[in-house]
Amino acid sequence: MALIAFYILSTIVVLSALFVVAARNPVHSVLWLILAFFTSAGLLVLIGAEFLAMLLVVVYVGAVAVLFLFVVMMLDIDFVALKQGFQNYLVVGALIALALLAEIGIVAAAATFGGGETFNASPGAPTNAEALSRVLYTDYLLLFQMSGIVLLVAMMGAIVLTLRSRPSVKRQNIAEQTGRKRKDAVELKDVRPGQGL
Amino acid sequence: MNFLADITNALPETILVAFGLSALLLGAIGGDRISGLLRLLAALALAAASVAAFVQFGRGEAISAFASAELSPNGLYRVTLFTLFAKGVTYAMASLALFMSGGFLKSAQMERYEYPLLVTFGSLGAGMMLSANDLMTLYVGIETLSLSSYVLAAFRRDSIMSAEAGLKYFVLGALASGLLLYGSALVYGFSGGTGFEVIASAPTSVGLIFGLVFLICGLSFKASAAPFHIWTPDVYEGAPSAVVAFFSTAPKIAAVALLANVMFVAFGPHIDSWQMIIAIISALSMLIGAFGALMQNSIKRILAYSSISNVGFALIAIAAGAELGSAAVLVYMTLYVIATLGIFAGVLALRRGGKAIDTVADLNGLVKTKPGIALGLLVLIFSVAGIPPAAGFWGKLQVFTAGIESGMLWLVLVGALASVVSLGYYLRLVWAMFMKPAGEPMDRTDASVAAIVAISTLIVFPILTIGIQFLLSAAAQAVVG
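Residue numbers (the numbering used here), protein chains in the order written: chain A, 1 to 197; chain B, 198 to 678.
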């Protein structure tokens with residue numbers, strides 16, 4: 001049972017990863033990517049790493065949603081033209097949807113009819129999250145902290161490359177606004193009748 | 198495990214992390230006004246880390262840290278005399294490259310406080326990958342170095358060349374990281390562990406060899422060895438000169454020493470599987486580096502090809518195996534990065550009307566306008582080319598001896614051929630400096646840059662033969678153990 005599920009899932013992972021690269025439309029690439037992530041999460045569940053599977057779905061699929069937004073914002077995609085070809089893409093979309101549905105079905109079936117199979121690879125042992133947290137800050141402290149440094153460098157890099165100070169841009173200065181006196185703003189002129197200023 | 202003992206054992210990295218984090222805070226408060234101060238402090242911190250590494254080297258034994266009984270009995274972090282020596286040189290080069298970048302940063306309007314911090318974190322990554330005793334430590338070290346390098350290459354945001362360099366480096370670097378990770382996964386799968394000792398004791402299998410090949414591909418990219426060298430000339434040409442001075446010294450020796458360390462320690466028993474791969478990469482690098490530079494006009498592109506070629510020479514020593522090659526790798530790369538640092542100091546020193554020089558023609562008649570720097574560059578170029586009076590010759594001699602002793606005469610002959618061909622472009626630089634009529638006068642030279650040219654010239658000049666004797670004996674101790 002688990003072996004069949006493994007072969008189905010891994011075939012889908014490889015195929016969808018292939019389509020990520022092969023798809024012409026970037027939006028479709030992103031959709032294939034989501035399928036690849038979901039299916040990889042399924043593989044992780046199969047080997048009993050359900051915590052990592054959830055992380056993969058929450059973090060990566062969440063991040064992909066943001067990536068999707070960026071793709072939509074940054075690329076010049078004509079959505080009217082895209083919608084015109086809806087029927088052409090219907091098959092592809094239906095395939096992705098079916099595959100996702102089938103995966104959920106397999107997992108549900110395995111849980112229901114699996115004959116007492118549990119997802120925890122070692123029942124009675126600590127759960128995934130507990131096992132990870134036991135080593136993360138002790139045995140793997142060095143790697144954990146260095147990963148933090150990697151992320152810090154990435155953050156610095158993003159700021160260095162994108163943040164610029166523009167002196168020409170006018171900004172609202174609230175202190176200056178509220179500190180304005182009447183004499184700074186209003187000037188009274190005694191205008192004589194019949195003459196201009 | 199004892200946390201305090203661990204961070205004391207990893208003292209050079211602890212210094213850099215402590216400095217980097219506190220300097221980041223200072224920079225966030227002080228802004229770009231204190232960038233000059235932070236640059237000096239970062240150079241000092243890197244120098245302190247270098248001293249710490251050499252003090253550990255002086256103690257004469259390998260140091261392990263972050264070990265745990267069941268997962269990594271020999272530590273995620275382990276430095277041998279070999280890696281300690283390479284690490285000390287790496288940090289020293291980073292410190293000097295940062296120290297001499299002041300004038301360039303000012304004239305290129307790149308004085309931002311993130312610059313010294315990125316160099317610090319990049320060097321930390323280089324040191325961490327040298328300290329790796331586990332594929333995971335190796336990977337986080339490489340990523341720290343690579344991410345800093347991508348940003349540094351694109352640091353001059355207003356220049357389209359710099360942005361192109363950063364992007365190219367990033368895209369190709371990500372691909373190399375992917376290869377490296379895939380290789381690591383295969384090695385883990387077929388040896389049953391990520392620690393170097395576990396891999397060394399695993400039986401040779403087809404899966405392990407496949408993983409090894411992917412690992413070599415990823416590491417060769419970082420060391421810019423052919424056929425994974427394509428990015429080097431473009432990145433060197435586009436990135437700011439001060440950044441290239443850093444790229445071609447500290448990460449270069451770190452990457453080559455890392456490749457040597459992984460091959461010698463983790464895959465030492467499998468030498469029959471990788472010796473020929475490394476030898477072919479070495480021959481390709483030497484030839485491509487030698488022939489590629491012949492038609493170039495930009496000084497930085499010529500230096501990029503020169504670095505590809507020189508990495509090829511160092512790979513001869515790696516292919517020779519741990520006993521014969523490890524001292525030769527260290528001697529060769531140390532002398533090479535010292536000379537390269539001097540050459541880049543010379544390139545940074547020469548500005549005309551506030552603009553850095555770029556083509557070989559800009560060097561015309563340098564001996565008349567700046568005789569001191571011209572003489573220094575002459576000695577340094579001779580050293581990189583391996584011409585006898587200069588110290589680079591001794592490095593090449595060691596490498597060739599290691600190659601012959603391990604029975605790879607054909608590789609040494611290819612190396613000799615590449616040396617002769619590469620004289621073509623080295624002598625072209627010398628010809629321009631000494632034989633051509635002088636062009637427009639140069640701007641005034643910064644004292645710090647001139648000092649680096651002078652120091653590195655003195656080191657590679659045979660006046661200090663005692664120094665070379667010291668280097669040879671120190672490197673001879675540093676056989677991988």
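Here a beta-carbon is modelled for each residue, glycine too, at the ideal position from N, C-alpha and C. Treat the numbers as computed from the prediction; the structure is a model and nothing was measured.
If you reduce the DSSP assignment to three classes, tell me which class Gly392/B lands in.
Residue 392/B sits at position 195 when you count from the first residue of the second sequence. In the structure shown, Gly392/B sits in a strand (DSSP, three-state: E or B).
Gly404/B to Val410/B span [Cα, whole Å]:
If you number the second sequence from 1, residue 404/B lands on position 207. If you number the second sequence from 1, residue 410/B lands on position 213. Approximately 10 Å, taken between the alpha carbons.
Evaluate contact between the stretch 317-331 of chain B and the stretch 470-486 of chain B, counting only Cβ atoms and requiring at least three cross-stretch pairs below 8 Å.
With a cut-off of 8 Å on Cβ pairs, the stretch 317-331 of chain B is not in contact with the stretch 470-486 of chain B, counting fewer than three such pairs.
I need the straight-line Cα distance from Val27/A to Phe68/A, nearest angstrom please.
Working through the first sequence from its first residue, we reach residue 27/A at position 27. Working through the first sequence from its first residue, we reach residue 68/A at position 68. Approximately 7 Å, taken between the alpha carbons.
Going along the chain, which unbroken runs of the alpha helix (DSSP H) with 4 or more residues stay wholly within the stretch 423-456 of chain B?
Restricted to the stretch 423-456 of chain B, the alpha helix (DSSP H) segments that are unbroken, complete and at least 4 residues in length are 428-435 and 438-444, listed in chain order.
Would you say the stretch 459-466 of chain B touches the stretch 337-347 of chain B, given that touching needs at least three Cβ pairs under 8 Å?
No, because fewer than three Cβ pairs between the stretch 459-466 of chain B and the stretch 337-347 of chain B fall closer than 8 Å, the two stretches do not touch.
Contact check, Ala541/B vs Ser445/B, beta carbons under 8 Å:
Position 344 of the second sequence, counting from 1, holds the residue named residue 541/B. Position 248 of the second sequence, counting from 1, holds the residue named residue 445/B. The amino acid at residue 541/B is misidentified as Ala; the sequence shows Phe. For Phe541/B and Ser445/B, yes; Cβs fall inside 8 Å.
Segments of 4+ residues assigned as alpha helix (DSSP H) that fall wholly inside the stretch 481-529 of chain B
Uninterrupted alpha helix (DSSP H) stretches at least 4 residues long and entirely within the stretch 481-529 of chain B occur at 496-516, given in chain order.
Any beta carbon of chain B sitting closer than 8 Å to that of Ser147/A?
Counted from its first residue, the first sequence places residue 147/A at position 147. Taking Cβ atoms only, chain B reaches closer than 8 Å to Ser147/A, which makes this a yes.
So what does Asp331/B bridge to, in DSSP terms?
Within the second sequence, the letter at position 134 stands for residue 331/B. According to the DSSP secondary-structure assignment, Asp331/B is paired through a beta bridge with Gly392/B.
Identify, in the order they occur along the chain, each residue of the same chain with its Cβ nearer than 7 Å to the Cβ of Ala23/A, setting aside the five sequence neighbours on each side.
Working through the first sequence from its first residue, we reach residue 23/A at position 23. Excluding positions up to five away in sequence, the list reads Ser29 and Trp32.
Chain B beta carbons: is any one of them nearer than 8 Å to that of Val191/A?
Along the first sequence, one-based indexing puts residue 191/A at 191. Chain B, which has no Cβ nearer than 8 Å to the Cβ of Val191/A, makes this no.
DSSP three-state call for Val276/B: helix, strand or coil?
If you number the second sequence from 1, residue 276/B lands on position 79. Three-state result, Val276/B: strand.
Using a Cβ cut-off of 9 Å, pull out every chain A residue sitting near Val368/B, in sequence order please.
Counted from its first residue, the second sequence places residue 368/B at position 171. Residues of chain A passing the Cβ test: none, with the nearest at roughly 14 Å.
Chain B contact for Leu46/A (CB, 8 Å cutoff)
Taking the first sequence and counting its residues from 1, one reaches residue 46/A at position 46. Contact with chain B is absent for Leu46/A, since none of that chain's Cβ atoms lies less than 8 Å from the residue's Cβ.
Using a beta-carbon distance below 8 Å, is Thr556/B in contact with chain A?
For the purposes of this step, residue 556/B is identified with residue 359 of the second sequence, where counting begins at 1. Not an interface residue.
Can you find at least 3 beta carbon pairs, one from the stretch 585-598 of chain B and one from the stretch 464-474 of chain B, that sit closer than 8 Å?
With a cut-off of 8 Å, the stretch 464-474 of chain B and the stretch 585-598 of chain B do not count as touching, because too few Cβ pairs lie within range.
For Gly262/B, report the span of its beta strand (DSSP E) as first-last.
Within the second sequence, the letter at position 65 stands for residue 262/B. For clarity, residue 262/B is Ala in the given sequence; the question names Gly instead. In this chain, the beta strand (DSSP E) harbouring Ala262/B covers Ile260 to Ala262.
Nearest-angstrom Cβ-Cβ length linking Leu575/B and Val627/B, presumed shorter than 8 Å:
Position 378 of the second sequence, counted from the start, is the residue given in the question as residue 575/B. Position 430 of the second sequence, counted from the start, is the residue given in the question as residue 627/B. 6 Å between Cβ atoms; contact.
Neighbourhood of Ser506/B by C-beta distance below 7 Å, restricted to the same chain and skipping five residues each side:
One-based indexing of the second sequence puts residue 506/B at position 309. Counting only Cβ-Cβ distances below 7 Å, and skipping sequence neighbours, we find Ser482, Met483, Gly486, Ala487, Ala615 and Ser619.
Go through its chain and collect everything with a Cβ distance to Asn206/B's Cβ below 6 Å, but skip five positions before and after it.
Reading the second sequence from its first residue, position 9 is the one you call residue 206/B. These residues qualify, in order along the chain: Ile260 and Ala262.
Which residues mark the beginning and the end of the alpha helix (DSSP H) in which Tyr7/A is found?
Residue mapping note: residue 7/A aligns to position 7 of the first sequence, counting from 1. For Tyr7/A, the enclosing alpha helix (DSSP H) covers residues Ala2 to Ala22.
Which residues DSSP lists as bridging Lys552/B, in chain order:
Position 355 of the second sequence, counting from 1, holds the residue named residue 552/B. Looking at the DSSP assignment, Lys552/B forms a beta bridge with Arg549/B.
If you follow the alpha helix (DSSP H) that Thr178/A is part of, which residue opens it and which one closes it?
Residue numbering aside, residue 178/A sits at position 178 when the first sequence is read from its first letter. From DSSP, the alpha helix (DSSP H) with Thr178/A extends over Ile174 to Thr178.
Contacts around Ala629/B, its chain only, beta-carbon distance under 6 Å, and the 5 residues preceding and following it disregarded
For this step, residue 629/B is matched to residue 432 along the second sequence. Taken in chain order, the residues that qualify are Val557, Leu560 and Asn561.
Distance check for Arg236/B and Ala442/B, CA to CA, integer angstroms please.
The count along the second sequence starts at 1 and reaches residue 442/B at position 245. The count along the second sequence starts at 1 and reaches residue 236/B at position 39. Using only the alpha carbons, I get a separation of about 15 Å.
Beta carbon of Gly322/B, beta carbon of Thr341/B: below 8 Å?
Taking the second sequence and counting its residues from 1, one reaches residue 322/B at position 125. Taking the second sequence and counting its residues from 1, one reaches residue 341/B at position 144. Going by beta carbons, Gly322/B and Thr341/B fall inside the 8 Å limit.
Whole angstroms is fine: what's the gap from Asp139/A's alpha carbon to Met605/B's?
Counting from one through the first sequence, the residue named residue 139/A turns up at place 139. Counting from one through the second sequence, the residue named residue 605/B turns up at place 408. Asp139/A and Met605/B have their C-alpha atoms spaced approximately 43 Å apart.
Measuring only the C-alpha atoms, how far is Tyr336/B from Leu383/B?
Position 139 of the second sequence holds residue 336/B. Position 186 of the second sequence holds residue 383/B. Using only the alpha carbons, I get a separation of about 15 Å.
Cβ-Cβ separation, Ile649/B to Leu538/B (assumed contact under 8 Å), whole Å
Taking the second sequence and counting its residues from 1, one reaches residue 538/B at position 341. Taking the second sequence and counting its residues from 1, one reaches residue 649/B at position 452. Sure, about 7 Å apart at Cβ, within 8 Å.
Which whole-angstrom value is the C-beta distance of Leu512/B and Ile475/B, which I expect to be below 8 Å?
Reading the second sequence from its first residue, position 315 is the one you call residue 512/B. Reading the second sequence from its first residue, position 278 is the one you call residue 475/B. Right, their Cβ atoms sit about 6 Å apart.
Kindly say whether Met74/A, judged by its beta-carbon, lies nearer than 8 Å to any beta-carbon of chain B.
On the first sequence, residue 74/A is found 74 positions in, with the first residue counted as 1. Met74/A does not count as touching chain B.
What three-state label does DSSP hand Ser265/B in the structure shown?
Walking along the second sequence from the start, residue 265/B turns up at place 68. Of the three classes helix, strand and coil, the one that applies to Ser265/B here is strand, per DSSP.
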